[in-house]
Amino acid sequence: MKIIEGINLKKTYVLKRGLFGKKVYINALDGVSLSIFKGETFGLVGESGCGKSSLGKVLLRLEDPTEGKILFENRDITNLSSRDMKLLRRKMQIVFQDPYTSLNPRKSVFDILGEPFVVHYQLPKKERLEKVKFLLEMVGLPLDSVYKYPHQFSGGQRQRIAIARAIALEPSFIVADEPLSALDVSVQAQIIELFLRLQENLGLTYLFISHDINVVAYIAQRVGVMYRGKLVEEGLTGEILKRPLHPYTKLLLKAATWQREGRGFSQFKILSEENGKIGGCVFVSRCKEAKPICKESHPELKEVEKGHKVACFL
Amino acid sequence: MLLEVKDLMINLNTKKGKFAILRGIDMVLKQGETLALVGESGCGKTLTALSILRLLPPNLKIEKGEIIYKDINLLNLKEEEMRKIRGREIAMIFQEPSVALNPVFTIGEQVAEVLRVHQGLKKKEAKERAIDLLKQVKIPDPHLRYKSYPHQLSGGMKQRVVIAMALAAEPEVLIADEPTTALDVTIQAQILDLLFQLKEERGLSLIFITHNLTLTKSFADTVAVMYFGQIVEYGKSDFLLKNPYHPYTKGLISSLPQDPFSPLRPIPGTVPDITSEIKGCPFYNRCSYKLPKCSFLLPPFFEIEDRKVRCWLYEDN
């Protein structure tokens, strides 16, 4: 069953240059469609600026799409009023990248984790304390953390607090937006384990956004690869790892092997890092296998075999 | 022996008192060698590098130790003498290229400035040499790019410019502090490739600082794993990665997702707070191999063949 679906989502940001300057448009999302099924982890990879965070925010309607539709549990939520959205927020939550900026430094853990219960259920203090203690136990923090403040915790512990806040109202869908990249290697592994354990206990569905394909391969059942605002490949994790079809996915995987094994980086020939703006495939300026047609139009995302989609003319 | 750090200790001075940040670092960089310093944030790897160049912030004080470069103790030099070492003898590349470059000068001017200051070149010569350097770091169209400002370049291109600046004064030792951490994976590979190619061509000696142990596998000769202001394991890189001895090194390797089918084995717990007083091994509370004496006795280095490990488990070897 689909839990959330985005149909042809577009998000354009406008940058103004000076007082009379031209407006510059940036297409953070350029017609992305995807569905996430109940209980799965969908991993989204791509490099910085490719639009993966924008996609996460648009799906939760933390930002409104310029075009396109969002369905949550088969209900169109694209134009819901903020009152209706508030009810829905119980079911969809987000964990941000940097636990140093996502927690209010002037609030104690009790305030941070108790707030959702005030906003949504107006629970009295005593019951809130029960709830907060329960949450702390779920994410593996000591119970004496209740009246501490964020600065008294390490990065990994802060991320645990942020995760506790996200699961407070028992949501069904969580967007995890690069939740590991601000953490040290040994702590990253702890947080991955926590995500997996919570998913098993609470039946959560994740959209797991990361630039690290190694991590995504470990945690996700299905993977989407984004490049410059477009989804260029999508499929089962095993399939994509074994038989990547898009040249960009291949490049990412090579880089991942290289990171894992520390070998073979000489095979990376200097291709242009600049991104072409003119028509054609988004990846054409960096693609080794580009053909003339790639410069003229962007290939559609097509299903090559069951569940494996790719946007490439090859 | 080109550069040797002996028993380096650094304290942080605050109103609350002194806290040890580096607790006795010993390491050796040989001519033409690549030495990798590996560890998590806060373990002191960057501070070790900064103290070699004597660029520590004022609240950090070197308590003890020597830094010997070509038979001179850098810690005894006067500031003007030190200025001749920085850049010309030992240069450094920082993590974040957008911070390392001045946004109001073109990249060409910034490279040329190094040449004018250190090599005493005239303006025109400096420009020619700068363009040549931009070419060596494989920036396409160096003549045109000379006039670009940092914001017009991508992160990878900016890091290439920073490398060109570091090489401009023809140093013997290059310290690269997480030079690829701010870049995307596909670009990381290209930059490292470039860095090691230049290192070979110019016969540089390199200190490479990273938090990613596996990055050291193919190109570092020696690896020093740091934890809580100390080196805990030190040895030849290929052997150390294949067969780590220290429980922390083992933990670092098993925390990385290697393949989707073998489970992760994270290191439990967190690094102790620097303000806490620690008598025994600082890794004690996270270690799954601990012995009773680890809690109150700091292990010295034990040598096993050409490896050094700071762990009581290897006392009898």
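Chains as they are written, first to last, in the numbering used here: chain Z, 1420 to 1733; chain S, -19 to 297.
By construction, the Cβ of each residue, glycine as well, lies at the ideal position given by its N, Cα and C atoms.
Chain S within 8 Å of residue 1806 of chain Z, Cβ atoms only | Summary: the structure shown does not reach residue 1806 of chain Z, with chain Z confined to residues 1420 through 1733, and so no result is reported for it.
For residue 1624 of chain Z, which option in Z/1638, Z/1631 and Z/1634 has the closest C-alpha, if you only look at C-alpha atoms?
-> Z/1638
Where residue 121 of chain S falls, given that 16 or more other Cβ within 10 Å makes a residue buried = exposed
Would DSSP call residue 231 of chain S helix, strand or coil?
-> helix
Between S/83, S/234 and S/89, which lies nearest to residue 114 of chain S when the distance is taken from Cα to Cα?
-> S/89
Let me know the secondary structure DSSP gives residue 1558 of chain Z once reduced to three states.
-> coil
For residue 1693 of chain Z and chain S, any beta-carbon pair shorter than 8 Å?
-> The predicted position of residue 1693 of chain Z is uncertain, since its pLDDT is 49 and thus under 50; a value taken from the coordinates is nonetheless stated next. Judged by the 8 Å Cβ criterion, residue 1693 of chain Z is in contact with chain S.
Inter-residue Cα distance where the pair is residue 1588 of chain Z and residue 1582 of chain Z = 11 Å
Looking at the structure shown, is residue 210 of chain S part of a helix, part of a strand, or coil, going by DSSP?
-> strand
From Z/1558, Z/1717, Z/1671 and Z/1529, residue whose alpha carbon lies closest to that of residue 1545 of chain Z = Z/1529
For the candidate residues S/295, S/81 and S/256, whose alpha-carbon lies nearest to that of residue 274 of chain S?
-> S/295
Establish whether the CB of residue 128 of chain S and some CB of chain Z are separated by less than 8 Å.
-> no
Simplified DSSP state of residue 1692 of chain Z, which is helix, strand or coil | Caution is warranted here: a pLDDT of 47 is assigned to residue 1692 of chain Z, below 50, making its placement in the model unreliable, and the coordinate value is therefore given only provisionally. Reduced to three states, the DSSP call for residue 1692 of chain Z is coil.
Residue 204 of chain S by DSSP, collapsed to three states: which one?
-> strand
Can you round the beta-carbon distance between residue 154 of chain S and residue 186 of chain S to whole angstroms, since I take them to be within the 8 Å contact cut?
-> 5 Å
Where do the ends of the alpha helix (DSSP H) carrying residue 179 of chain S lie?
-> 165 to 182
Whether residue 1672 of chain Z touches residue 1660 of chain Z by CB criterion (8 Å) | yes
Determine the contact status of residue 1479 of chain Z and residue 1635 of chain Z, defining contact as a CB-CB distance below 8 Å.
-> no
Cross-strand partners of residue 1566 of chain Z (DSSP beta bridge) | Per DSSP, none; premise fails for residue 1566 of chain Z.
Buried or exposed by the 16-neighbour rule on C-beta atoms within 10 Å, applied to residue 67 of chain S | buried
State the CB to CB distance for the pair residue 1700 of chain Z and residue 1717 of chain Z, rounded to an integer number of angstroms; the pair is presumed to be in contact (CB under 8 Å).
-> 5 Å
Within its chain, find whatever has a CB closer than 7 Å to the CB of residue 1710 of chain Z; leave out the 5 residues flanking it on each side and keep chain order.
-> 1732
Excluding the five sequence neighbours on either side, which residues of its own chain have a C-beta within less than 7 Å of the C-beta of residue 101 of chain S, listed in chain order?
-> 95 and 109
Identify each residue in the stretch 145 to 168 of chain S for which the Cβ-Cβ distance to at least one residue of chain Z is less than 8 Å, and report them in chain order.
-> 164, 165, 166, 167 and 168
List, in order along the chain, the chain Z residues whose C-beta lies closer than 8 Å to that of residue 227 of chain S?
-> Ordered by position in chain Z, no residue passes the 8 Å Cβ test against residue 227 of chain S, which lies about 11 Å from the chain.
Can you tell me the Cα-Cα spacing of residue 1704 of chain Z and residue 1726 of chain Z, whole angstroms?
-> 28 Å
At a Cβ threshold of 8 Å, is residue 98 of chain S touching chain Z?
-> no
From residue 1633 of chain Z to residue 140 of chain S, what does the alpha carbon distance come to, in whole angstroms?
-> 26 Å
Own chain residues within Cβ distance below 6 Å of residue 1668 of chain Z, not counting five before or after = 1644 and 1652
Using the C-alpha atoms, what's the distance from residue 290 of chain S back to residue 227 of chain S?
-> 10 Å
Answer with buried or exposed for residue 1553 of chain Z, where buried requires no fewer than 16 other C-beta atoms within 10 angstroms of its C-beta.
-> exposed
Distance, residue 1603 of chain Z Cα to residue 1592 of chain Z Cα = 26 Å
Which residue's Cα is closest to the Cα of residue 8 of chain S: S/38, S/49, S/219 and S/39?
-> S/49
Through-space distance from residue 137 of chain S to residue 1692 of chain Z, alpha-carbon basis | Any reading at residue 1692 of chain Z must be qualified, since the residue scores a pLDDT of 47, below 50, and its modelled position is unreliable; no value is offered.
With burial defined as no fewer than 16 other Cβ atoms inside 10 Å of the residue's Cβ, what is the status of residue 214 of chain S: buried or exposed?
-> buried
Please check if any C-beta of chain S sits within less than 8 Å of the C-beta of residue 1519 of chain Z.
-> no
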